[in-house]
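*Asks:* Protein chains in written order, with the numbering used here: chain A, 1 to 209; chain B, 210 to 418.
Virtual Cβ for every residue (Gly too), placed ideally from N, Cα, C.
Source: prediction; values computed, not measured.
Protein chains: 2
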Amino acid sequence: MANATAKASTKREMDKEARRQSILDAAKKIFADKGFHETSVSDIVREAGIAQGTFYLYFEDKKAVFGEIVDDLMNTLIGFFTIRDISRIQSTQDMEAVVRRISGPLITFFQENRDLGKIFIREAMGTGLGLEKKILAFYDRVIQLGTTYFEHFRKEGHIRKDIDARVGMNFLIGGAQMIIYRWVTEGIDVSEAEIVHSVANLCLSLFQD
Amino acid sequence: MANATAKASTKREMDKEARRQSILDAAKKIFADKGFHETSVSDIVREAGIAQGTFYLYFEDKKAVFGEIVDDLMNTLIGFFTIRDISRIQSTQDMEAVVRRISGPLITFFQENRDLGKIFIREAMGTGLGLEKKILAFYDRVIQLGTTYFEHFRKEGHIRKDIDARVGMNFLIGGAQMIIYRWVTEGIDVSEAEIVHSVANLCLSLFQD
DNA sequence: CAAAATACTGACGCAAGTGTCATTATTCAA
DNA sequence: TTGAATAATGACACTTGCGTCAGTATTTTG
Chain A
1 MANATAKAST
11 KREMDKEARR
21 QSILDAAKKI
31 FADKGFHETS
41 VSDIVREAGI
51 AQGTFYLYFE
61 DKKAVFGEIV
71 DDLMNTLIGF
81 FTIRDISRIQ
91 STQDMEAVVR
101 RISGPLITFF
111 QENRDLGKIF
121 IREAMGTGLG
131 LEKKILAFYD
141 RVIQLGTTYF
151 EHFRKEGHIR
161 KDIDARVGMN
171 FLIGGAQMII
181 YRWVTEGIDV
191 SEAEIVHSVA
201 NLCLSLFQD
Chain B
210 MANATAKAST
220 KREMDKEARR
230 QSILDAAKKI
240 FADKGFHETS
250 VSDIVREAGI
260 AQGTFYLYFE
270 DKKAVFGEIV
280 DDLMNTLIGF
290 FTIRDISRIQ
300 STQDMEAVVR
310 RISGPLITFF
320 QENRDLGKIF
330 IREAMGTGLG
340 LEKKILAFYD
350 RVIQLGTTYF
360 EHFRKEGHIR
370 KDIDARVGMN
380 FLIGGAQMII
390 YRWVTEGIDV
400 SEAEIVHSVA
410 NLCLSLFQD
């Protein structure tokens, strides 16, 4: 917190952070385009406009960049799935609102970050890094959140009785993922609003009474 | 059809075919275990008990084996999804029967071929070979079949009006895939019958009135 | 301004894995 | 039985891309 030093050091930090970010951005672009395995570190540094060696000042290796991209994404997504004070929400109306409150931002996000959509859904599972476990853990976390909401609405009586929450949630995630993937990769001629509507309706029809 | 020659030649052919198959089997095992990119041709030939060069007498390269495995699998799966004479089937009862007739054998198949499940669901999409397009075409074919059935039952009046068939089918495929994947990879302690029951119910609840 | 610290560079050594090919083994046919 | 055809071998030359490091540039500090 010594003023001058702090300022200088802060400035350096910022620059390093910016460069780091620019490497991440370059990597996202190439990964989404060519896939993890077809992407070489040379590709990334070319896109980022830096030398080969510089890359290794900021990241351990190619895996590390990829892992960080996926980690960041998962954190962002968890944010979308988190709803505080679910216990306050009670009517069937509200249940629909909850589904839409989740799926809306989610889909907007993927529209604005198609690269990340491709990377996460197409690549991340089969890269052969340790990611598979992490991703399954992520799904489990989402499922856990979903199950909480589910059980809540079940208590309120808005939910059909005969579906196992975990299985249903897995189904739901897979389904939503597939729709988002196809929407993100191919330029399906469907508006964001329509996608939100469809996804939300599908989710609801799975569980609703 | 010259008798002696034909017999001899047939015998040779059989042997070649058997060897080919043994390479495919070895490859399936390793691919499912380590993933496409972590698998080397050396791994495959070691598993198959042949020399490096022999591999290349039977396959162009590693991609070719993988591609063939995936192609075969897609053909098998299309068989499961094909129902002749859908127009004969009319009641809601029958609609349920159709869903179960598809999901039952499908799930049995994946239970008996977990390797293929892993390969197809975890690997095939992101290998970076030309497979992505092929797989999407496969999904489209399945969706087309599904949509036919769907429209049929819609005419019969067993289906909710407000769901777009294509979107619904995509959702359904993604959902089913996710469940099968989790069931295949982790040893979830759920019986095959229960999985069939769950999947079928989820499919039905998506569309049913 | 000097010199020390920090940041960046890119050529290159190295490892991994591919696919070939000269050689050896096996099968067939006469 | 022999030699011609077919099948299999495995060592190795070659490619590719990774990660390092000795050297250069830039920034900071006193």
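(1) Under a CB-based cut-off of 7 Å, is Gln353(B) close to chain A?
(2) On a Cα-Cα basis, can you pick out the residue from Ile389(B), Glu226(B), Leu354(B) that is closest to Phe289(B)?
(3) Do you know how far the Cα of Arg331(B) is from the Cα of Met125(A)?
(4) Select from Val279(B), Leu415(B), Ile298(B), Gln417(B) the residue whose C-alpha is nearest the C-alpha of Lys342(B).
(5) Contact criterion: CB-CB distance below 7 Å. Does Asn379(B) meet it with respect to chain A?
(6) Can you tell me the Cβ-Cβ gap for Gln302(B) and Glu365(B), rounded? I've got them flagged as a contact below 8 Å.
(7) Out of Ile30(A), Val167(A), Leu206(A), which has the shortest C-alpha to C-alpha gap to Val142(A)?
(8) Note down the Cα distance separating His158(A) from Ser407(B), rounded to an integer number of angstroms.
(9) By a C-beta neighbour count over all protein chains shown, 10 Å radius and 16 as the cutoff for buried, is Gln386(B) buried or exposed?
(10) In whole angstroms, give me the CA-to-CA distance for Val399(B) and Thr317(B).
(11) If Gly117(A) sits next to Phe380(B), beta carbons under 8 Å apart, how far is it from one beta carbon to the other, in whole angstroms?
(12) Does Gln208(A) come out as helix, strand or coil in the three-state DSSP assignment?
(13) At a Cβ cut of 8 Å, what residues of the segment 222-253 of chain B count as close to chain A, listed as they run along the chain?
(14) List, in chain order, every chain A residue whose beta-carbon is nearer than 9 Å to that of Ser407(B).
(15) If I'm right that Val254(B) touches Thr248(B) with Cβ under 8 Å, what's the distance once you round it to whole angstroms?
(16) Just verifying my parser: in three-state terms, what is the DSSP assignment at Ile102(A)?
(17) Using a Cβ-Cβ cut-off of 8 Å (strictly less than) and excluding sequence neighbours within five positions of Ile372(B), which residues of its own chain qualify?
(18) For a test of the three-state rule: what should DSSP assign to Leu202(A), helix, strand or coil?
(19) Say whether chain A places a C-beta atom closer than 7 Å to the C-beta of Ala391(B).
(20) Does the Cβ of Asn284(B) have 16 or more other Cβ atoms within 10 Å, making it buried, or fewer, making it exposed?
(21) Pick out whichever of Phe362(B), Asp349(B), Leu282(B) has its Cα sitting closest to the Cα of Arg297(B).
(22) For Ile159(A), write down the residues that DSSP places opposite it in a beta bridge.
(23) Using the C-alpha atoms, what's the distance from Ala48(A) back to Asp85(A)?
(24) From which residue to which residue does the alpha helix (DSSP H) around Ser251(B) run?
(25) Taking a cut of 9 Å between CB atoms, which residues from the segment 124-143 of chain A lie near chain B?
(26) Nearest-angstrom Cα distance between Thr291(B) and Asn410(B)?
(27) When DSSP labels each residue in this structure, what does Thr285(B) get in the three-state scheme?
(28) If Glu305(B) sits next to Leu413(B), beta carbons under 8 Å apart, how far is it from one beta carbon to the other, in whole angstroms?
(29) If you draw a straight line from the alpha carbon of Phe66(A) to that of Phe329(B), how long is it in whole angstroms?
*Replies:* Quick answer:
(1) It does not: the Cβ of Gln353(B) has no partner Cβ on chain A nearer than 7 Å.
(2) Leu354(B)
(3) When only Cα atoms are considered, Met125(A) and Arg331(B) end up about 6 Å apart.
(4) Val279(B)
(5) yes
(6) In fact, because the Cβ distance is near 11 Å, the residues do not count as touching under 8 Å.
(7) Val167(A)
(8) 20 Å
(9) Residue environment for Gln386(B): buried (at least 16 other C-beta atoms within 10 angstroms of its C-beta).
(10) Separation of Val399(B) and Thr317(B) (C-alpha to C-alpha, rounded to the nearest whole angstrom) is 13 Å.
(11) Not quite, the Cβ-Cβ distance comes to about 16 Å (not below 8 Å), so this is no contact.
(12) strand
(13) Lys243, Gly244, Phe245, His246, Glu247
(14) Ile163, Asp164, Val167, Gly168, Phe171
(15) With 8 Å as the limit, Val254(B) and Thr248(B) do not qualify as a contact, their Cβ atoms being about 11 Å apart.
(16) helix
(17) Leu415, Phe416, listed in sequence order.
(18) helix
(19) The sequence as given places Arg at residue 391(B); Ala does not occur at that position. Judged by the 7 Å Cβ criterion, Arg391(B) is in contact with chain A.
(20) exposed
(21) Phe362(B)
(22) Gln208(A)
(23) 43 Å
(24) 250-257
(25) The segment 124-143 of chain A vs chain B, Cβ under 9 Å: Ala124, Met125, Gly126, Thr127, Gly128, Glu132, Leu136, Tyr139.
(26) 20 Å
(27) Residue state, collapsed to three classes: helix.
(28) 6 Å
(29) 22 Å
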